[in-house]
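Visitor: Residue numbers (numbering that gives the first Met the number 0): 0 to 361. My questions will all concern the structure given below.
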Amino acid sequence: MKKLIALIMVLALALSLVACGGGGSTEPEEEAAAMIGVSMPTQSLQRWNQDGANMKAMLEEAGYQVDLQYGGDNDIPTQVAQIENMITQGCKVLVIAAIDGSSLTEVLKQAKEQGIPVIAYDRLIMNSDAVSYYATFDNFLVGVMQGEYIETALDLKNATGPFNIELFTGDPADNNATFFFGGAMSILKPYIDSGVLVVPSGQTTQAQVSTADWKSENAQTRMENLITSNGYSPKGVKLDAVCCSNDSTALGVTTALVSVGYTAADMPIITGQDCDKASTKNMIAGLQSMSVFKDTRTLADKVVGMVDAIVKGSEPDINDTETYDNGVGVVPSYLCAPVVATIDNYKEILLDSGYYTEADLQ
0 MKKLIALIMV LALALSLVAC GGGGSTEPEE EAAAMIGVSM PTQSLQRWNQ DGANMKAMLE
60 EAGYQVDLQY GGDNDIPTQV AQIENMITQG CKVLVIAAID GSSLTEVLKQ AKEQGIPVIA
120 YDRLIMNSDA VSYYATFDNF LVGVMQGEYI ETALDLKNAT GPFNIELFTG DPADNNATFF
180 FGGAMSILKP YIDSGVLVVP SGQTTQAQVS TADWKSENAQ TRMENLITSN GYSPKGVKLD
240 AVCCSNDSTA LGVTTALVSV GYTAADMPII TGQDCDKAST KNMIAGLQSM SVFKDTRTLA
300 DKVVGMVDAI VKGSEPDIND TETYDNGVGV VPSYLCAPVV ATIDNYKEIL LDSGYYTEAD
360 LQ
């Protein structure tokens with residue numbers, strides 16, 4: 000009987016050790032992947048869909064969870080609410096392409112209070128000390144490239160003109176529009192001042208040539224008004240060039256010009272940016288002259304590296320600490336390099352690199 004009692008006690012002790020974990024080893028639980036919040040302004044423009052998709056795919060490949068949100072159709076309250084939710088959900092880093100560079104001051108105070116670093120993506124966030132870093136392309140250079148293309152195409156250094164030109168830039172709330180327009184005007188304004196270039200509409204300030212929300216239909220409406228008021232047509236007043244800051248404005252301008260009879264044979268020089276599919280097709284068809292290509296894969300890859308460095312406690316790669324003052328201070332930045340795409344090199348830049356397939360441009 001004593002032996003039986005002793006055996007029962009030994010078995011009970013063994014069972015208790017197992018129940019407490021003392022009878023064997025357990026695997027340590029894996030730490031949950033950090034959540035990264037990515038806020039894009041809209042899905043109505045091709046480039047932001049590509050930016051968001053590239054960012055999400057690369058961050059997930061790097062081992063992060065991703066909360067990717069789009070701010071409706073450039074709806075500021077929607078973007079603010081989405082960022083508030085990302086902060087509440089405990090995102091470790093916020094990557095934000097702002098709809099309005101000055102609209103996020105209050106919500107980003109919450110991010111700073113929670114110790115959440117903020118990377119401004121392609122659009123500088125203004126008037127906030129919560130912005131840790133800025134990743135973009137050299138946007139002043141984008142405008143310079145557009146101005147230089149017109150300068151070369153019209154041989155402005157040697158010609159006396161006068162050549163007629165009209166100007167289109169983007170949304171006034173987008174700080175990038177200031178850089179694009181400033182870069183282009185750094186090349187074109189001396190020719191305007193000397194009379195080699197003439198702007199028949201007289202609209203030469205950024206406020207006068209802005210395009211709300213960068214929308215093609217808004218650019219088209221303004222171009223239609225300019226056609227009517229200035230008599231532009233293939234058989235009327237000659238229009239030699241239209242400097243457009245991006246492809247969505249260029250698309251609206253081109254649509255307006257085609258509607259009054261312009262063809263590839265007499266289309267003015269039209270600049271653009273982003274190499275959107277529609278504008279690249281127009282370029283191939285001779286209806287748009289060039290587009291500045293900003294490979295969103297390059298920018299996304301750079302931002303993923305910045306996020307990874309932040310999460311792991313190291314310093315992100317930075318190549319500009321002087322240019323971008325957001326009204327509170329200079330934001331450490333990384334600038335990627337844009338390139339000019341034309342009918343002559345688009346295959347190398349867009350197809351050979353895998354950015355588009357032949358089918359995409361049919």
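Heads up, the beta-carbon is just placed ideally off N, CA and C, and yes, glycines get one too. In this text the structure is predicted, and so the values were computed from the model without any measurement.
1) How is L238 classed by DSSP in three states: helix, strand or coil?
2) Label A96 either buried or exposed according to how many other C-beta atoms from any shown protein chain fall within 10 Å of its C-beta, with 16 as the threshold for buried.
3) Inspect the beta-carbon positions of Q219 and V241 and report whether they are closer than 9 Å.
4) By the DSSP assignment, the alpha helix (DSSP H) with Q207 in it spans what residues?
5) Quick one: residues in its chain with C-beta nearer than 7 Å to the C-beta of L334, no 5 flanking neighbours on either side, listed in chain order?
6) Determine the extent of the alpha helix (DSSP H) in which Y148 is found, giving its start and end residues.
7) Taking the beta strand (DSSP E) that E165 falls in, what are its first and last residues?
8) Should the region 319-330 be regarded as contacting the region 68-77, the criterion being three or more beta carbon pairs within less than 8 Å?
9) Helix, strand or coil for M305? Go by DSSP, reduced to three states.
10) Under 9 Å between the Cβ atoms of Y148 and I283?
11) How far does the beta strand (DSSP E) with V291 in it extend, from its first residue to its last?
12) Three-state secondary structure (DSSP) at A336?
13) What does the Cβ neighbour count give for S193, buried or exposed, with the cut at 16 atoms within 10 Å?
14) Using only CA atoms, which one of K188, G304, S352 lies nearest to A61?
15) Find out if the Cβ-Cβ distance for the pair G182, V130 is shorter than 9 Å.
16) In terms of residues, what are the limits of the alpha helix (DSSP H) holding N80?
17) Just curious, the beta strand (DSSP E) that S38 is in, first and last residue?
18) Leaving aside the five residues before and after W47 along the sequence, list all residues of the same chain whose C-beta is less than 8 Å from its C-beta, in chain order.
19) Assign Y345 to buried or exposed, taking buried as 16 or more other Cβ atoms, counted over all protein chains shown, within 10 Å of its Cβ.
20) Just curious, the beta strand (DSSP E) that A158 is in, first and last residue?
21) On a CA-only basis, which of I118, C90, K91 is nearest L103? Give me that one, please.
22) Nearest to F162 by CA position, among S209, L298, L187, Q205, is which residue?
23) Helix, strand or coil: how does DSSP classify A134 here?
24) Can you tell which of Y190, K280, K214, N175 has the C-alpha that lies nearest to the C-alpha of E357?
25) Buried or exposed: N157, going by 16 or more other Cβ atoms within 10 Å of its Cβ?
26) With a cut-off of 8 Å on the beta carbons, I'd call K91 and M34 a contact; round off their distance for me.
27) Less than 9 Å between the beta carbons of L364 and D121, yes or no?
28) Just reading off the beta strand (DSSP E) that L67 is part of, what are its end residues?
29) If we ignore side chains and look at the alpha-carbon of each, how far apart do S244 and F180 end up?
30) When you compare each of L44, S232, T168 to Q205 by their alpha carbons, which one comes out closest?
31) Which residues mark the beginning and the end of the beta strand (DSSP E) in which L93 is found?
32) Assuming the contact rule is C-beta atoms closer than 8 Å, V373 and M125 should be a hit. Round their C-beta distance to whole Å, please.
Guide: From the atom records:
1) coil
2) buried
3) Not closer than 9 Å, so no.
4) Its alpha helix (DSSP H) spans residues 205-208.
5) T135, F136, D137, N318, D319
6) 138-152 is the extent of the alpha helix (DSSP H) around Y148.
7) 162-167
8) no
9) helix
10) no
11) Counting along the chain, the beta strand (DSSP E) containing V291 begins and ends at 290-292.
12) coil
13) exposed
14) G304
15) no
16) Per the sequence shown, residue 80 should be read as Ala rather than Asn. Per DSSP, A80 belongs to the alpha helix (DSSP H) from 75-87.
17) For S38, the enclosing beta strand (DSSP E) starts and ends at 34-39.
18) M39, P40, T41, Y69, A96
19) Y345 should be labelled buried.
20) Counting along the chain, A158 falls outside any beta strand (DSSP E), and DSSP gives it neither H nor E.
21) I118
22) If we check each option's Cα against that of F162, L187 comes out closest.
23) Residue state, collapsed to three classes: strand.
24) K280
25) exposed
26) 6 Å
27) Because residue 364 is not part of the residues shown, which for the chain are 0 to 361, the question remains open.
28) 64-69
29) Whole-angstrom Cα-Cα distance: 7 Å.
30) T168
31) Looking at the DSSP string, the run of the beta strand (DSSP E) that includes L93 is 92-95.
32) Beyond the ends of the chain as shown, which are 0 and 361, falls residue 373; an answer cannot be given.
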